[in-house]
Amino acid sequence: MNDMSPTREERVEKLKGLGSSRKRVEDARFTQGKGNYVDDVKLPGMLHGDFVRSPYAHARVKSINIDAAMALPGVIAVLTAKDLEPLSLHWMPTLAGDKQMVLADGKVLFQGQEVAFVVAEDRYIAADACELVEVDYEELPVIVDPFEALESDTVLREDLEAGADGAHGPRKHHNHIFLWEEGEKEATEQVIDSAEVVAEEMVYYHRTHPCPLETCGSVASMDKVNGKLTLWGTFQAPHVVRTVASLLSGIEEHNIRVISPDIGGGFGNKVGVYPGYVCSIVASIVTGQPVKWIEDRMDNLMATAFARDYWMKGKISATKEGKITGLHCHVTADHGAFDACADPTKFPAGFFHICTGSYDIPVAYVGVDGVYTNKAPGGVAYRCSFRVTEAAYFIERMIEVLAMELNMDAAELRRINFIKKDQFPYQSALGWEFDSGDYHTAWDKALDAVDYAGLRKEQEERVAAFKRGETRKLLGIGLTHFTEIVGAGPVKNCDILGMGMFDSCEIRIHPTGSAVARLGTISQGQGHATTFAQILASETGIPADSITIEEGDTDTAPYGLGTYGSRSTPVAGAATAMAGRKIRAKAQMIAAYLLEVHDNDLEWDVDRFVVKGAPERFKTMAEIAYAAYNQAIPGVEPGLEAVSYYDPPNMTYPFGAYVCVMEIDVDTGEHEIRQFYALDDCGTRINPMVIEGQVHGGLTEALAIAMGQEIAYDKLGNVKTGTLMDFFLPTAWETPNYTTDFTETPSPHHPIGAKGVGESPNVGGVPAFSNAVHDAFRAFGLRQSHMPHDHWRIWKTANDLGLHG
Amino acid sequence: MIPPAFEYHRPQDVASAVQILAEQGDEARCLAGGHSLIPMMKLRMAAVEHLVDLQDIAEMQGITTESGTIRIGAMVTQHELITSDALASAAPIIREAALQIADPQVRYMGTVGGNVANGDPGNDMPGLMQALDATFHLHGPDGARDVAAREFFEAAYMTAREDEEILTAITFAPHAKGYAYEKQKRKIGDYATAAAAVLIEKDGMVAGNATVAMTNLSDTPVFSEAAGAALTGTSCDAHAMKAAIDAMLNDIDPTEDNRGPVEFKRHVAGVILSRAISRAWDRA
Chain P
262 MNDMSPTREE RVEKLKGLGS SRKRVEDARF TQGKGNYVDD VKLPGMLHGD
312 FVRSPYAHAR VKSINIDAAM ALPGVIAVLT AKDLEPLSLH WMPTLAGDKQ
362 MVLADGKVLF QGQEVAFVVA EDRYIAADAC ELVEVDYEEL PVIVDPFEAL
412 ESDTVLREDL EAGADGAHGP RKHHNHIFLW EEGEKEATEQ VIDSAEVVAE
462 EMVYYHRTHP CPLETCGSVA SMDKVNGKLT LWGTFQAPHV VRTVASLLSG
512 IEEHNIRVIS PDIGGGFGNK VGVYPGYVCS IVASIVTGQP VKWIEDRMDN
562 LMATAFARDY WMKGKISATK EGKITGLHCH VTADHGAFDA CADPTKFPAG
612 FFHICTGSYD IPVAYVGVDG VYTNKAPGGV AYRCSFRVTE AAYFIERMIE
662 VLAMELNMDA AELRRINFIK KDQFPYQSAL GWEFDSGDYH TAWDKALDAV
712 DYAGLRKEQE ERVAAFKRGE TRKLLGIGLT HFTEIVGAGP VKNCDILGMG
762 MFDSCEIRIH PTGSAVARLG TISQGQGHAT TFAQILASET GIPADSITIE
812 EGDTDTAPYG LGTYGSRSTP VAGAATAMAG RKIRAKAQMI AAYLLEVHDN
862 DLEWDVDRFV VKGAPERFKT MAEIAYAAYN QAIPGVEPGL EAVSYYDPPN
912 MTYPFGAYVC VMEIDVDTGE HEIRQFYALD DCGTRINPMV IEGQVHGGLT
962 EALAIAMGQE IAYDKLGNVK TGTLMDFFLP TAWETPNYTT DFTETPSPHH
1012 PIGAKGVGES PNVGGVPAFS NAVHDAFRAF GLRQSHMPHD HWRIWKTAND
1062 LGLHG
Chain H
8 MIPPAFEYHR PQDVASAVQI LAEQGDEARC LAGGHSLIPM MKLRMAAVEH
58 LVDLQDIAEM QGITTESGTI RIGAMVTQHE LITSDALASA APIIREAALQ
108 IADPQVRYMG TVGGNVANGD PGNDMPGLMQ ALDATFHLHG PDGARDVAAR
158 EFFEAAYMTA REDEEILTAI TFAPHAKGYA YEKQKRKIGD YATAAAAVLI
208 EKDGMVAGNA TVAMTNLSDT PVFSEAAGAA LTGTSCDAHA MKAAIDAMLN
258 DIDPTEDNRG PVEFKRHVAG VILSRAISRA WDRA
């Protein structure tokens, strides 16, 4: 007879499965400086690369003289477009169906563009040699404004055939990239034209940058003896990089090994393929030695993928009572010099058509015009899946503007327009099927938690006191109810460069009952090694502490599309659960054999199969694992392994209700965040502590974006915010306290009901902060002011409203 | 962000340091805390062939208060300014200002001498030293000389210090009872959008001697004698405050940058000065 101790509760606790606030297993090495990042890779004979970059935003490159640089002792090579052209690598395809220069081919199109790649024996010599490369430029007219670009005679992309279609259809002007439309244009216009109330506004979401603490970099090592290329890099999608590297280089895919080691933050910045990766590979092939390229902070801010830069012209209509009847949106999207957005192929504006938000809007239309300008290329999802932050900001601003138009409370306007719980699954006017939600419950909980009625009363008194001259501070109450769309995505409509956006997990259970699982994703700080082990613990009964999670090595991990857009838990997390269930199914057969009962006579209990009605007869997963390797079981193969490739049937739709209470000094433009309440519903909660950490991090990024962070250019296309002196990255000093809360509405189609949470706080946080600023000035008639709300812009708002006497 | 090669010197006394400067001419630069110089070198905006590190020079260290004079060695860090008990009682405005410079890591390295000698209009100490009417002690090949803080700053990064001279110490007298250093900045680690140093000595019921100096609102720190004079003999009421602000606005000449346009900076300068005056008057 089996020993009945430990108790069931003790076994559950030991498991550290779903719902456990298990401490992050990654942190021991990170907090002790024992992480292993790309720049920690050091190989014998390794060379170092650095770029000569363009000081101009638009110029013809008349000549490049490398003689002086080559003469510097220790310089091995200086690559220019001419050297890459015979390999057809002077240009490369972007993830958005466009192409982009690897090294300047005849002209440069943005400041910081890569012009030549210097390879030297050490990093210092490489930097010195960059100064010795003589480039003769002829300046051309610069366009930094997308509206001007569509009017200008200046042709930015001379490589594109005039009048020919782009990757997403017709181009109506030489600086136009695409027009992408969704919804019913005429029907929407008809509704808006005949509506009782219409609010119209231009909502600009400025250009910013994910600015991960670790910049981008790579180490390429071509072994000319065995023909194998090993590439370490800051890749959020290592398998896709392997496939692209194979297609571009002609090296067979099995001869390429891509390794993403520890990554110090990605936030979308590390999804794309950069010239530095290509140049380090070419340089290693040419020299036969490993070549490292690591960009510095200014390179990262100037030249790698930016985020946002969307001009969103909106019209929203409603009845006099505030029931929304239609939504119209036209976006002018500044994509910079090349269309290097990271979006699924079919969606050149990503999932922007989630812009109906949390509201039941009967008819809607969006049109997005992509435009070339003399700015850095990119357009990545900075901690959001594919333009969802832009969409959430747009609708949450339009709701506020409509509330002003209706002279109505913005919280109440949201409440009467929410999609109701019994409407899920809900078909949105722009084509999405929202899987689940309970918005009213979350909203009421949030408003109660902050004493919304009390705050409004205090605000009213404040405005009165301000008008009496007793205070110079205003109080803003920023509301947001966001609905996210994450977990890209179903292979039938989501792919990156033709690769379906499934993900994968492969599990091996060892004879002594511990396990290793490998996934197609790659953590950049999200804590996958902690949370995916928890999913497996609950599915297989093996304690999370006995499960190793590995990611990022394409030679060992199964194929996957990587980590961005909150897709890891919805997609790879599902694959993990499904693989775990395959393990358990086989384990059940083994247990039945060992216990000499029929499979159906067993039931699962935490970490073991128990004979129904005979609780003393059971086999633990550890016992079963051992048996899998040492017993000849009729009809059952030895070993205990499983693999699952998961193609999600739908996206998941996390949501949340945020309230920001902000004090604003109208004389200095300074702000103080008095309270920030964040309720997130991400479905089933795997690790509440990790969720809280994700929310704190995302809210702090949202604070930065809303209140100061931007990539700004002057009229000549010079980057004005190329260092951390001017690019705002909050420290603990600027960061307020956050109160986190939750409701739990599981996804009906996800194996464990989880939805993803990493990006929610950025998506919902930005409108909450921005709405607080706007709300503070609502009593004085402010409808719209553009982010970032830094001191002088807030001051300007107050000044324009006549609040400085 | 990698500097070109340079020679590194680490002299043990002022005389040796001065000798290196004299030998190398304008190819040599002194390194104090490095917070301005090292980024300039990394950006290759400063070409330094010889870097003269001053950290081992004992005579440039230490804070002393003797016979009514406070002496701060040029290599004293902002952290030491904050933690010095002697300064806290003799010149508390130093601590108040130093606490508003960047963050603790910066203040462990950043020095008072480097802060004033670089002539960067964004630095906080130059304006403060003008308010204190401090004296800067310079050592060069021809010996020592003193320059008043109010005479030291000529233009952005241009000072009365010659290339081969080293600023070794700062002296000043204990300051008035009423003091305040008020600073608006965008974030930690930023230079001031506007900052004001105000000292007010109370004379009976009204202000006696009052001094005002402003930071990052011109290409040098701005000692506004007229602003101080506008306060003398008043109870620092709204009328006097307005007169002081108007006087100060005549003396500053801000330029537009990422912190904002000129109009905004002038407005904020007035707000910051009024807050500094109020706090100083409360303490006077």
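Going line by line, the protein sequences match chains P and H.
For the first sequence, my numbering assigns the number 262 to the initial residue and increments by one for each residue that follows.
For the second sequence, my numbering assigns the number 8 to the initial residue and increments by one for each residue that follows.
Where is the CB? At the ideal position from N, CA and C, for every residue including glycine.
Any idea if residue i is buried or exposed, counting beta-carbon neighbours within 10 angstroms, 16 or more meaning buried?
i: H1065 (chain P); result: exposed
i: Y317 (chain P); result: buried
i: Q688 (chain P); result: exposed
i: A506 (chain P); result: buried
i: S521 (chain P); result: buried
i: Q684 (chain P); result: exposed
i: L691 (chain P); result: buried
i: R269 (chain P); result: exposed
i: F291 (chain P); result: exposed
i: Q955 (chain P); result: buried
i: R828 (chain P); result: buried
Nearest CA to the CA of residue i: which residue from the options?
i: C645 (chain P); options: P:P354, P:L758, P:D621 and P:N530; result: P:N530
i: R675 (chain P); options: P:A410, P:W1053, P:F937 and P:A918; result: P:A918
i: D359 (chain P); options: P:A377, P:C602 and P:A390; result: P:C602
i: K184 (chain H); options: H:L206, H:A12 and H:M165; result: H:L206
i: P10 (chain H); options: P:V376, P:L345 and P:A387; result: P:A387
i: A203 (chain H); options: H:P133, H:T71 and H:A39; result: H:P133
i: L735 (chain P); options: P:G533, P:E931 and P:E450; result: P:E931
i: E400 (chain P); options: P:T449, P:A320 and P:A423; result: P:A320
i: Q137 (chain H); options: H:I27, H:M221 and H:A109; result: H:M221
i: R569 (chain P); options: P:T586, P:I677, P:I577 and P:A594; result: P:A594
For residue i, I'd like the list of residues in its chain whose CB is within less than 6 Å of its CB, leaving aside the five on either flank, ordered along the chain.
i: N326 (chain P); result: E395
i: N561 (chain P); result: T476
i: G40 (chain H); result: M116, G117, T118 and G121
i: E189 (chain H); result: A203, I279, R282 and A283
According to DSSP, simplified to helix, strand and coil, what is residue i?
i: N326 (chain P); result: strand
i: I1013 (chain P); result: coil
i: S479 (chain P); result: strand
i: G185 (chain H); result: strand
i: M262 (chain P); result: Because M262 (chain P) carries a pLDDT of 47, less than 50, the predicted location of this residue cannot be relied on, and the following value inherits that uncertainty. Coil at M262 (chain P), not helix or strand.
i: T217 (chain P); result: With chain P covering only 262 through 1066, there is no way to say anything about residue 217 (chain P).
i: I259 (chain H); result: coil
i: T702 (chain P); result: helix
i: T650 (chain P); result: helix
i: G640 (chain P); result: coil
i: T1004 (chain P); result: coil
i: I803 (chain P); result: coil
i: R550 (chain P); result: Arg is not the amino acid found at residue 550 (chain P); the sequence shown has Gln there. Note: Q550 (chain P) maps to coil in three-state DSSP.
i: R569 (chain P); result: strand
For residue i, which residues in the same chain have their Cβ closer than 8 Å to its Cβ, ignoring the five residues on either side in sequence?
i: A778 (chain P); result: C766, E767, I768, R769, F793, A794, L797, I808, T809, I810, E811, T837 and A840
i: S1047 (chain P); result: According to the sequence as given, residue 1047 (chain P) is His; it is not Ser. Once the five neighbours on either side are set aside, the close Cβ partners of H1047 (chain P) are Y465, H467 and R1054.
i: T984 (chain P); result: R558, M559 and L562
i: S697 (chain P); result: F685, P686, Y914, G944, T1006, P1007, S1008 and P1009
Which residues in the same chain as residue i place their Cβ atom closer than 7 Å to its Cβ, once the five residues preceding and following it in sequence are excluded?
i: Q970 (chain P); result: T469, F988, F989 and P1049
Near-chain P residues of the segment 252–273 of chain H (beta-carbon distance less than 7 Å), N- to C-terminal order: Of all residues in the segment 252–273 of chain H, only N265, R266, G267, P268 and F271 place a beta-carbon less than 7 Å from a beta-carbon of chain P.
Along the segment 126–144 of chain H, where does the CB come closer than 8 Å to a CB of chain P? Name the residues. In summary, no residue of the segment 126–144 of chain H has a CB separated from any CB of chain P by less than 8 Å.
Contact list for the segment 219–250 of chain H against chain P, Cβ threshold 9 Å: Within the segment 219–250 of chain H, no residue qualifies.
Looking at chain P, which residues of the segment 177–192 of chain H have a Cβ within less than 7 Å of any of its Cβ atoms? Within the segment 177–192 of chain H, the residues whose Cβ lies closer than 7 Å to some Cβ of chain P are Q191, listed in chain order.
Mind listing which residues of the segment 17–40 of chain H have their C-beta closer than 8 Å to chain P's C-betas, in chain order? Taking a C-beta cut-off of 8 Å against chain P, none of the residues of the segment 17–40 of chain H qualify.
Under 9 Å (Cβ pairs) to chain H, residues found in the segment 274–302 of chain P: The residues in question: there are none.
Listed from N- to C-terminal order along the chain, which residues in the segment 961–974 of chain P have their beta-carbon within a distance smaller than 8 Å of any beta-carbon of chain H? Taking 8 Å as the Cβ-Cβ cut-off against chain H, the residues of the segment 961–974 of chain P that qualify are G969 and A973.
Check distances from the C-beta atoms of the segment 977–1009 of chain P to those of chain H and list, in chain order, the residues that come in under 9 Å. Here the close residues are K981, T982, T984, L985, M986, D987, F989, L990, P991, T992, A993, W994 and E995.
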